[in-house]
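>
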Ligand code: PHE
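Residue numbers (this note's numbering): 31 to 497.
1. Does residue 267 come out as helix, strand or coil in the three-state DSSP assignment?
2. Any idea if residue 235 is buried or exposed, counting beta-carbon neighbours within 10 angstroms, 16 or more meaning buried?
3. Return yes when the Cβ of residue 305 is within less than 8 Å of the Cβ of residue 225, no when it is not.
4. Can you look up residue 411 in the DSSP assignment and give me helix, strand or coil?
5. According to DSSP, is residue 400 part of a helix, a strand, or is it coil?
6. Is the separation between the beta-carbon of residue 156 and that of residue 348 shorter than 8 Å?
7. Measuring alpha carbon to alpha carbon, tell me which of 329, 421, 367 ends up nearest residue 168.
8. Does DSSP put residue 57 in a helix, a strand or coil?
9. Looking only at its own chain, which residues have a Cβ that is under 6 Å from the Cβ of residue 32, when we skip the five neighbours before and after it?
10. So, using beta-carbon positions, are residue 372 and residue 109 closer together than 8 Å?
11. Could you check the C-alpha separation between residue 420 and residue 249 for me, to the nearest Å?
12. Where residue 343 and residue 221 are concerned, what is the direct C-alpha to C-alpha distance, given to the nearest angstrom?
13. Can you check the region 269-341 for any beta strand (DSSP E) of at least 3 residues that lies completely inside it and give the ranges in chain order?
14. Measuring straight from C-alpha to C-alpha, what distance separates residue 275 and residue 188?
15. Can you tell me where the alpha helix (DSSP H) holding residue 419 begins and where it ends?
16. Compare the Cα-Cα distances from residue 145 to each of 317, 297, 123, 325 and report the closest residue.
17. Just the C-alpha distance for residue 331 and residue 161, rounded to the nearest angstrom, thanks.
18. Report yes if the C-beta of residue 353 is less than 7 Å from at least one heavy atom of the ligand PHE; otherwise report no.
19. Measure the Cβ-Cβ separation of residue 268 and residue 99 and say whether it is below 8 Å.
20. Terminal residues of the continuous alpha helix (DSSP H) containing residue 447?
21. Based on Cα-Cα distance, which residue from 431, 465, 362, 49 lies nearest to residue 214?
22. What is the DSSP secondary structure of residue 110, counted as helix, strand or coil?
23. Shortest alpha-carbon distance to residue 77 belongs to which of 327, 403, 368, 301?
24. Can you tell me the Cβ-Cβ gap for residue 279 and residue 101, rounded? I've got them flagged as a contact below 8 Å.
25. Three Cβ pairs or more, each shorter than 8 Å: is that satisfied between the region 353-369 and the region 56-67?
26. Go ahead and label residue 297 buried or exposed: buried means 16 or more other beta carbons lie within 10 angstroms of its beta carbon, across all protein chains shown.
27. The ligand PHE heavy atoms versus the CB of residue 149: any closer than 7 Å?
28. I'd like the list of long-range same chain contacts for residue 492, defined as Cβ closer than 6 Å, with 5 residues on each side in sequence excluded.
29. What I want to know is whether the C-beta of residue 217 ends up closer than 7 Å to one or more non-hydrogen atoms of the ligand PHE.
Given below as structure tokens:
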């Protein structure tokens, strides 16, 4: 047996609490806001298929690895990596897994908070009754009006950041967990209400066809990379959020089953969200699938504006989206805050305030990228797009890849087997094989294809080499 690290944090009281917390982290804007809009930007079916394959083949095995590392180390990702590297005498460069996670989390939260702010703004719009009888053009106008007002954006961004820090500062078991248990099922119910509306009033067949009819000709290196990145983003993978939650997981809980549950729920929410949104998109000429980040916000208010009780449903829906974003955002800074607290240089309060401020300031870049800074571009991307691309499409897959290599190649197989608690040799061997060979090769390859496609660097592409 390895000499297990002693934890300085509380542990969850049951496996179920871990499932709820990890689901709370996984299910968020990624499922409801991002998945539909990037599926729309990348042509639908084939993109969705690649995304599902990435979840299954790469996401789930790597999530198991990440939980395992966290539970072994019982501390923040930074210190877990220190302990693991010490234990197996690995080169210090592996500490990078922890550090990169802290950075990725902070950058993601910076724009995540701005988008969550949109949801809060919309929640109030619903309550004000502004949406009665809304059509496509009216809805687009409403969205543009919000984007055109930095004051509005900053106000709600600030509000969301304060909400996030409030829970982060309140601490792990007290703050999280409880609320999620009620809110997540409720969110699912609301999505199903929307789905029924969309089936009856929208163009449902067109939506199904769009999301599930696979046409590979629409795929590019860039869209495959986006699908890969999103698999990591939506599962909160590759930056330590799942590792830090794993650190609070009880000793004897089957990691495999737990991870399957979380990934299954997460995927379900994304697909239902897509099926609820696209029928409305196809039934309204003013909206196109490739609408971009506004897709959710211009499509759903039309549904709410035209259904009986729409104001109430709309209010509840955006409240729940806000909640889902909230339970994700806390996990984005938890690696940073947990690390800071462990160094004993700061209390949770101080760490929370410090990181909250950094994320808030960085978020202003995203706010202005929808307006005044629209044209300030790096590699053709504005601030928001660049932050999203760098984190979701590069840092998270890269983080996942190095975790796979670390657990697959560096850690002692017996320790890993012990920790994972899988009796079935076949499954264990298959999992190890995926971590050792499939994940690193697939992630590296997809990343190179994507970069080659996006930046026009043919020498990076294997496909080009062989064609
Ligand atoms: N998984 C979250 C979502 O889909 C976002 C997230 C990414 C949270 C990475 C934590 C870490 O909205």
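Note that CB positions come from ideal geometry on N, CA and C, so glycine has one too.
In terms of the structure at hand:
1. Residue mapping note: residue 267 aligns to position 237 of the chain shown, counting from 1. In the structure shown, residue 267 sits in coil (DSSP, three-state: anything other than H, G, I, E or B).
2. Translated into the one-based positions of the chain shown, residue 235 becomes position 205. Exposed, by the Cβ-count rule.
3. Here residue 225 refers to the residue found at position 195 of the chain shown. Here residue 305 refers to the residue found at position 275 of the chain shown. In this structure, residue 305 lies closer than 8 Å to residue 225 by Cβ.
4. Position 381 of the chain shown, counted from the start, is the residue given in the question as residue 411. Residue 411 falls in the strand class under three-state DSSP.
5. Here residue 400 refers to the residue found at position 370 of the chain shown. Note: residue 400 maps to coil in three-state DSSP.
6. What you label residue 156 is simply residue 126 of the chain shown in a count that begins at 1. What you label residue 348 is simply residue 318 of the chain shown in a count that begins at 1. Between residue 156 and residue 348, the CB-CB gap stays under 8 Å.
7. For the purposes of this step, residue 168 is taken as the residue at position 138 of the chain shown. When only C-alpha atoms are compared, the closest one is 329.
8. Counting from 1 along the chain shown, the entry for residue 57 is found at position 27. Residue state, collapsed to three classes: coil.
9. As a first step, residue 32 must be located in the chain shown, where it is residue number 2. With a pLDDT of 38 at residue 32, under the threshold of 50, the predicted position of this residue should be treated as unreliable, and no value is reported.
10. As a working mapping, residue 372 is identified with position 342 in the chain shown. As a working mapping, residue 109 is identified with position 79 in the chain shown. Their beta carbons are under 8 Å apart, which means residue 372 touches residue 109 by this criterion.
11. Residue numbering aside, residue 420 sits at position 390 when the chain shown is read from its first letter. Residue numbering aside, residue 249 sits at position 219 when the chain shown is read from its first letter. Distance between the alpha carbons of residue 420 and residue 249 is about 21 Å.
12. Reading the chain shown from its first residue, position 313 is the one you call residue 343. Reading the chain shown from its first residue, position 191 is the one you call residue 221. Using only the alpha carbons, I get a separation of about 10 Å.
13. Segments of the beta strand (DSSP E) lying fully in the region 269-341: there are none.
14. Taking the chain shown and counting its residues from 1, one reaches residue 275 at position 245. Taking the chain shown and counting its residues from 1, one reaches residue 188 at position 158. So the alpha carbons of these two residues sit roughly 26 Å apart.
15. Here residue 419 refers to the residue found at position 389 when the chain shown is read from its first residue. That residue, residue 419, is in no alpha helix (DSSP H); it is neither H nor E in DSSP.
16. Counted from its first residue, the chain shown places residue 145 at position 115. Minimum Cα distance to residue 145 is reached at 325.
17. For this step, residue 331 is matched to residue 301 along the chain shown. For this step, residue 161 is matched to residue 131 along the chain shown. Their Cα atoms are separated by approximately 7 Å.
18. Residue numbering aside, residue 353 sits at position 323 when the chain shown is read from its first letter. The ligand PHE has no heavy atom closer than 7 Å to the beta-carbon of residue 353.
19. Position 238 of the chain shown, counted from the start, is the residue given in the question as residue 268. Position 69 of the chain shown, counted from the start, is the residue given in the question as residue 99. With contacts defined by Cβ atoms closer than 8 Å, residue 268 and residue 99 do not form a contacting pair.
20. Translated into the one-based positions of the chain shown, residue 447 becomes position 417. Counting along the chain, the alpha helix (DSSP H) containing residue 447 begins and ends at 443-450.
21. If you number the chain shown from 1, residue 214 lands on position 184. Looking from the CA of residue 214, the closest CA among 431, 465, 362, 49 belongs to 49.
22. Walking along the chain shown from the start, residue 110 turns up at place 80. In this structure, residue 110 counts as helix in the three-state DSSP scheme.
23. Locating residue 77 in the chain shown gives position 47, where the first residue counts as 1. With distances taken between Cα atoms, residue 77 lies closest to 301.
24. Start at 1 with the first residue of the chain shown, and residue 279 comes out as number 249. Start at 1 with the first residue of the chain shown, and residue 101 comes out as number 71. Indeed they touch by this definition, with Cβ atoms about 5 Å apart.
25. Result yes; three or more Cβ-Cβ pairs closer than 8 Å.
26. As a first step, residue 297 must be located in the chain shown, where it is residue number 267. Burial call: buried.
27. For this step, residue 149 is matched to residue 119 along the chain shown. Using a cutoff of 7 Å, the CB of residue 149 does not count as near the ligand PHE, since none of the ligand's heavy atoms is closer than that.
28. For the purposes of this step, residue 492 is taken as residue 462 along the chain shown, with counting starting at 1. Setting aside the 5 residues that flank it on each side, residue 492 has no residue in the same chain whose C-beta is closer than 6 Å to its C-beta.
29. Translated into positions along the chain shown, residue 217 becomes position 187. Outside the cutoff, so no.
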